[in-house]
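Beneath this line is the structure, given in structure tokens, with notes to follow.
Residue numbers (our numbering): 78 to 281.
Right under this line is the structure:
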């Protein structure tokens with residue numbers, strides 16, 4: 078099902094419906110400041126497992142990421158030293174995934190890897206959903222075949238055509254981007270850019 082949302086002045090009933098869906102273990106596709114992504118409530122292990130199966134991710138071998146509404150929430154789910162906190166404060170919200178050491182607050186599926194990716198997209202729709210949910214949102218980019226048209230990752234109507242029967246809801250927030258976030262590994266003290274994406278890191 079496709080639901081059109083806007084950068085502001087969305088219906089409170091529509092937003093509450095999305096929050097209820099996530100709380101019930103549903104799966105959602107939504108726009109971010111990079112590409113469209115697929116996600117679920119970050120503390121609901123069965124929903125996370127469903128996304129891993131859909132994407133063909135092995136959580137034993139791949140880092141999983143969560144969206145947090147603000148930095149005060151990050152420290153519940155990841156270990157953040159002062160230097161990393163300052164770096165994140167300078168760059169978030171933005172098109173970055175910060176890899177941090179996770180805490181035991183996250184489900185066991187995350188703890189297999191001991192690390193977690195932290196996203197705080199600079200996009201009003203998913204930020205508002207994260208604020209209202211008041212919990213992390215497990216997030217990953219849409220599955221995409223190499224020979225497939227990029228429009229199936231950027232055009233909400235084509236995304237609906239492909240994934241409409243697989244997920245519970247698709248948010249139409251307009252045409253999405255085609256490049257991923259910049260991944261910054263902060264698990265060893267020094268910040269290291271593992272993948273350059275949309276975001277350009279301000280190291281201060």
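We treat Cβ as the ideally placed atom computed from N, Cα and C, and that holds for glycine.
What you are looking at is a predicted structure, and each value in this text was computed from that prediction instead of being measured.
Whole-angstrom distance between residue j and residue i, CA atom to CA atom
{"i": "residue 122", "j": "residue 214", "result": "12 Å"}
{"i": "residue 248", "j": "residue 178", "result": "31 Å"}
{"i": "residue 232", "j": "residue 95", "result": "20 Å"}
{"i": "residue 239", "j": "residue 87", "result": "25 Å"}
{"i": "residue 180", "j": "residue 148", "result": "15 Å"}
{"i": "residue 91", "j": "residue 78", "result": "13 Å"}
{"i": "residue 188", "j": "residue 182", "result": "9 Å"}
{"i": "residue 237", "j": "residue 82", "result": "15 Å"}
{"i": "residue 211", "j": "residue 226", "result": "35 Å"}
{"i": "residue 277", "j": "residue 168", "result": "9 Å"}
{"i": "residue 273", "j": "residue 257", "result": "9 Å"}
{"i": "residue 254", "j": "residue 173", "result": "14 Å"}
{"i": "residue 209", "j": "residue 230", "result": "26 Å"}
{"i": "residue 164", "j": "residue 151", "result": "13 Å"}
{"i": "residue 155", "j": "residue 93", "result": "27 Å"}
{"i": "residue 117", "j": "residue 241", "result": "15 Å"}
{"i": "residue 224", "j": "residue 80", "result": "28 Å"}
Bridge partners - residue i, DSSP secondary structure assignment
{"i": "residue 261", "result": "175, 270"}
{"i": "residue 197", "result": "171"}
{"i": "residue 118", "result": "214"}
{"i": "residue 192", "result": "178"}
{"i": "residue 152", "result": "Note: residue 152 sits in no beta bridge, so no partner."}
{"i": "residue 183", "result": "Looking at the DSSP assignment, residue 183 forms no beta bridge with any residue, so it has no partner."}
{"i": "residue 249", "result": "81"}
{"i": "residue 142", "result": "194, 216"}
{"i": "residue 105", "result": "116, 246"}
Supposed contact pair residue j and residue i - C-beta distance, whole angstroms, cut 8 Å
{"i": "residue 144", "j": "residue 207", "result": "5 Å"}
{"i": "residue 106", "j": "residue 219", "result": "7 Å"}
{"i": "residue 108", "j": "residue 202", "result": "6 Å"}
{"i": "residue 128", "j": "residue 115", "result": "6 Å"}
{"i": "residue 279", "j": "residue 271", "result": "In fact, because the Cβ distance is near 17 Å, the residues do not count as touching under 8 Å."}
{"i": "residue 186", "j": "residue 264", "result": "So it is not a contact: roughly 18 Å between Cβ atoms."}
Of the residues the options, the one placed nearest residue i, counting alpha carbons only
{"i": "residue 171", "options": "183, 158, 146, 159", "result": "146"}
{"i": "residue 275", "options": "259, 117, 150", "result": "259"}
{"i": "residue 217", "options": "86, 113, 245, 96", "result": "113"}
{"i": "residue 136", "options": "98, 184, 156, 99", "result": "184"}
{"i": "residue 119", "options": "197, 162, 102", "result": "102"}
{"i": "residue 200", "options": "251, 150, 180", "result": "251"}
{"i": "residue 311", "options": "210, 222, 270, 197", "result": "This structure does not reach residue 311, given that the chain is present from 78 up to 281, and the question cannot be answered."}
{"i": "residue 245", "options": "98, 164, 265, 281", "result": "98"}
{"i": "residue 243", "options": "84, 83, 85, 130", "result": "130"}
{"i": "residue 157", "options": "267, 273, 229", "result": "267"}
{"i": "residue 84", "options": "257, 223, 205", "result": "205"}
{"i": "residue 132", "options": "159, 255, 222", "result": "222"}
{"i": "residue 281", "options": "229, 230, 166", "result": "166"}
CB contact below 7 Å: residue i versus chain B
{"i": "residue 123", "result": "The structure shown has no chain B; it contains just one protein chain."}
The ligand ZN heavy atom lying under 6 Å from the CB of residue i
{"i": "residue 233", "result": "The ligand ZN is absent from the structure shown, which contains no ligand whatsoever."}
Pair every Cβ in the region 138-149 with every Cβ in the region 187-207, then say whether three or more of these pairs are closer than 8 Å. Segments in contact, yes.
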